[in-house]
Amino acid sequence: MRGSEQNQQDVVVQVTGLCKSFGDLHVLRDFTMDLRSGENVVVLGRSGSGKSVLIKCIIGLLQADSGSIRVLEREVLELDQHTLDALRVEVGFLFQSNALYDSMTVRENLEFPLRRHMASITEENRNERVRQALADVGLEHTVDMMPEELSGGMKKRIALARALILQPKIILYDEPTTGLDPITAREINELILQVQDRYHTASIIISHDMHCVRQTANRVIVLHEGRAHAAGSAAELSISSDPVVNSFFSET
Amino acid sequence: MFLFFLRFFQEIKRGKMEWAEWINQCFYIGNRTLLLVTTTGFIMGLVITIQSHPSMAAFGAESWLPSVVSVSLVREIVPVITALICAGKIGSGIGAEIGSMKVTEQIDAMEVSGTNPYNYLVVTRVLAAMFMVPLLVVFGDAIALYGAFLGVNMKQSVTFSLYTHQIFMKLTFSDVIPSIVKSFFFGFAIGIIGCFKGFATRNGTQGVGAAANSAVVMATFVVFIIDLVAAQLADIFSIT
Chain L
6 MRGSEQNQQD
16 VVVQVTGLCK
26 SFGDLHVLRD
36 FTMDLRSGEN
46 VVVLGRSGSG
56 KSVLIKCIIG
66 LLQADSGSIR
76 VLEREVLELD
86 QHTLDALRVE
96 VGFLFQSNAL
106 YDSMTVRENL
116 EFPLRRHMAS
126 ITEENRNERV
136 RQALADVGLE
146 HTVDMMPEEL
156 SGGMKKRIAL
166 ARALILQPKI
176 ILYDEPTTGL
186 DPITAREINE
196 LILQVQDRYH
206 TASIIISHDM
216 HCVRQTANRV
226 IVLHEGRAHA
236 AGSAAELSIS
246 SDPVVNSFFS
256 ET
Chain E
633 MFLFFLRFFQ
643 EIKRGKMEWA
653 EWINQCFYIG
663 NRTLLLVTTT
673 GFIMGLVITI
683 QSHPSMAAFG
693 AESWLPSVVS
703 VSLVREIVPV
713 ITALICAGKI
723 GSGIGAEIGS
733 MKVTEQIDAM
743 EVSGTNPYNY
753 LVVTRVLAAM
763 FMVPLLVVFG
773 DAIALYGAFL
783 GVNMKQSVTF
793 SLYTHQIFMK
803 LTFSDVIPSI
813 VKSFFFGFAI
823 GIIGCFKGFA
833 TRNGTQGVGA
843 AANSAVVMAT
853 FVVFIIDLVA
863 AQLADIFSIT
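Protein sequence lines correspond, in order, to chains L and E. Taking the numbering used here, the leading residue of the first sequence gets 6, the next gets one more, and so forth. Taking the numbering used here, the leading residue of the second sequence gets 633, the next gets one more, and so forth.
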């Protein structure tokens, strides 16, 4: 009983019966999952299966049709804008396209969330946070560069630094290795593990890259036809006889 | 479009202004259009004077040239030309910038970092356009009147002090104020249409080009509509 309560307390994201449709296209149907403190959960699914829609619903960028999304014990679907903004400080988001502000330098990109949520900190403190976030991703020398001067892998790291700068408890990664070469993709995967290890963040990683799954996942959820079709560790799922699960794991 | 328009006033009512971004946008608008407004204002002043001279001379009313030209420049030509320049430069710029931010998820990134993108992007740009377009019109008026002075001096010899005296004999506040008021609305239309088209961008980079293009076309059209309404209102309230 105590163990069950402990588990419940550890849950930082609880998605229950989530449904989301776009017109006649039912993307998520009764989707249920949870994320516990300090773990990496990879949501695996085919392109267009609704993986990105799921994390956009979790952060409140998309409004779910029905169901429940509890993040850090707050029901996202019932939050007003002010409370949702406050919750977003505790949830970092790494966009598939990186979404760096291309009219701002790397420093300005990183300072943007700081100036909004930690307006009272000193200039010195702000600079130190920027330096630390860039040091975490190994790109301190890019501080005054523009996003257009960076390679794809560097942009991904800077985007991760920006997601980390407010020291969130949860990070949502949207296809973190898509479009990167295998070496850079491996480096990003290692960075995800370093972030988990150093800051004890809980992460939901959206991916269809099996190397990313094997390298970063503590737990894998297979999203198929809008539902959580299967769940388990990568090792467990790789020996599954389920044809849907097998179609992912047999390729590598 | 109506809801987008309505939200602008709701955000204004909330009163959370991003002043730093507003100043940036004012600078950006001024910086992008000043040279064009100067050049076109000067040329319009000069050309209108040169073209009006023969007709005025035929009636022996050359001495009226500064007054007649200044009224048409200040009331109609400079505000409309400046607004059209701003629709082209600023409207397309805003449409393309916000459209590009939309398709590259930068607006979503802003939202997840707890910033209201409408307040940060739309309110600042629209208010900057509402502030800068009237300023540019006043500046354009001054340049156009100087162009007209040179135009007058090409055919006759008039001192600058006599020229300004003749202008201000005819030009009154009822000429200047309506032109500034309508340029305020020109600025609003250019800003809100650019932002709306940017936010409505779909279909990737192709959509960004379409957003910039339709922002210019729609803003240009609305500038003429506002000008027509302003002329009618001025006529109704006898500000002629």
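All C-beta atoms, glycine included, are put in the ideal place defined by N, C-alpha and C.
Would you identify the three-state DSSP class for residue i, choosing helix, strand or coil?
i: residue 61(L); result: helix
i: residue 255(L); result: coil
i: residue 638(E); result: helix
i: residue 8(L); result: Low confidence applies to residue 8(L): its pLDDT is 49, below 50, so where it sits in the model is not reliable, and the reading given next is rough at best. It is helical.
i: residue 72(L); result: strand
i: residue 98(L); result: strand
i: residue 155(L); result: coil
i: residue 130(L); result: helix
i: residue 150(L); result: coil
i: residue 32(L); result: strand
i: residue 27(L); result: strand
i: residue 234(L); result: strand
i: residue 106(L); result: coil
i: residue 77(L); result: coil
i: residue 41(L); result: strand
i: residue 67(L); result: coil
Please list, in chain order, all residues of the same chain as residue i whose beta carbon is under 8 Å from its beta carbon, the five residues on each side excluded.
i: residue 6(L); result: Confidence in residue 6(L) is poor, its pLDDT being 43 and thus under 50, which makes the residue's placement unreliable; the coordinate value appears in the next sentence. Cβ neighbours of residue 6(L) beyond the five flanking positions: none.
i: residue 749(E); result: 739, 742 and 743
i: residue 633(E); result: 828
i: residue 684(E); result: 697, 700 and 701
i: residue 816(E); result: 762, 765 and 766
Please go through the same chain and pick out, in chain order, the residues whose beta-carbon is closer than 6 Å to the beta-carbon of residue i, but skip the five residues on each side of it.
i: residue 89(L); result: 65
i: residue 190(L); result: 182
i: residue 682(E); result: 783
i: residue 41(L); result: 15 and 16
i: residue 755(E); result: 643
i: residue 214(L); result: 182
i: residue 147(L); result: 111
i: residue 636(E); result: 828
i: residue 114(L); result: 105, 106 and 167
Quick one: is residue i near chain L, going by C-beta distance under 9 Å?
i: residue 736(E); result: yes
i: residue 729(E); result: yes
i: residue 741(E); result: yes
i: residue 702(E); result: no
i: residue 724(E); result: no
i: residue 801(E); result: no
i: residue 755(E); result: no
i: residue 747(E); result: yes
Buried or exposed: residue i, going by 16 or more other Cβ atoms within 10 Å of its Cβ?
i: residue 861(E); result: exposed
i: residue 21(L); result: exposed
i: residue 87(L); result: exposed
i: residue 655(E); result: exposed
i: residue 238(L); result: exposed
i: residue 8(L); result: In this prediction, residue 8(L) scores a pLDDT of 49, lower than 50, which makes its location untrustworthy; the coordinate-derived value is nonetheless stated afterwards. The residue is exposed, with fewer than 16 neighbouring Cβ atoms inside 10 Å.
i: residue 865(E); result: exposed
i: residue 657(E); result: buried
i: residue 127(L); result: exposed
i: residue 28(L); result: exposed
i: residue 850(E); result: buried
i: residue 751(E); result: buried
Give every residue of the same chain whose Cβ lies closer than 7 Å to the Cβ of residue i, excluding the five residues on either side of it in the sequence, and list them in chain order.
i: residue 814(E); result: 711, 858, 859 and 862
i: residue 702(E); result: 777, 780, 799, 802 and 803
i: residue 96(L); result: 64, 76, 173, 175 and 177
i: residue 26(L); result: 32 and 70
i: residue 852(E); result: 716 and 719
i: residue 103(L); result: 160, 161 and 164
Would you verify that the beta carbon of residue i is, or is not, closer than 9 Å to some beta carbon of chain E?
i: residue 96(L); result: yes
i: residue 105(L); result: yes
i: residue 61(L); result: yes
i: residue 7(L); result: Unreliable placement is indicated for residue 7(L), whose pLDDT of 46 sits below 50; no coordinate value is reported for it.
i: residue 93(L); result: yes
i: residue 234(L); result: no
i: residue 66(L); result: yes
i: residue 248(L); result: no
i: residue 167(L); result: yes
i: residue 122(L); result: yes
i: residue 19(L); result: no
So, is the C-beta of residue i closer than 9 Å to a C-beta in chain A?
i: residue 134(L); result: Going by chain labels, chain A is absent from the structure shown, which instead holds the protein chains L and E.
Hey, is the stretch 198-212 of chain L in contact with the stretch 44-51 of chain L, meaning 3+ C-beta pairs nearer than 8 Å? Yes: at least three Cβ pairs fall under 8 Å.
Three or more C-beta pairs below 8 Å linking the stretch 29-40 of chain L and the stretch 191-203 of chain L: Verdict: no, contact absent.
Tell me whether the stretch 131-138 of chain L and the stretch 73-88 of chain L touch, counting them as touching only if at least three CB pairs, one residue from each stretch, are closer than 8 Å. Verdict: no, contact absent.
Below 8 Å, how does it come out for the stretch 811-826 of chain E and the stretch 753-771 of chain E: are there three or more Cβ pairs, yes or no? When C-beta atoms of the stretch 811-826 of chain E are compared with those of the stretch 753-771 of chain E, three or more pairs fall below 8 Å, so the two segments count as touching.
Determine, using beta-carbon pairs with one atom in the stretch 714-728 of chain E and one in the stretch 823-841 of chain E, whether at least three such pairs fall under 8 Å. As far as the Cβ criterion goes, the stretch 714-728 of chain E touches the stretch 823-841 of chain E, which means the pair count is three or higher.
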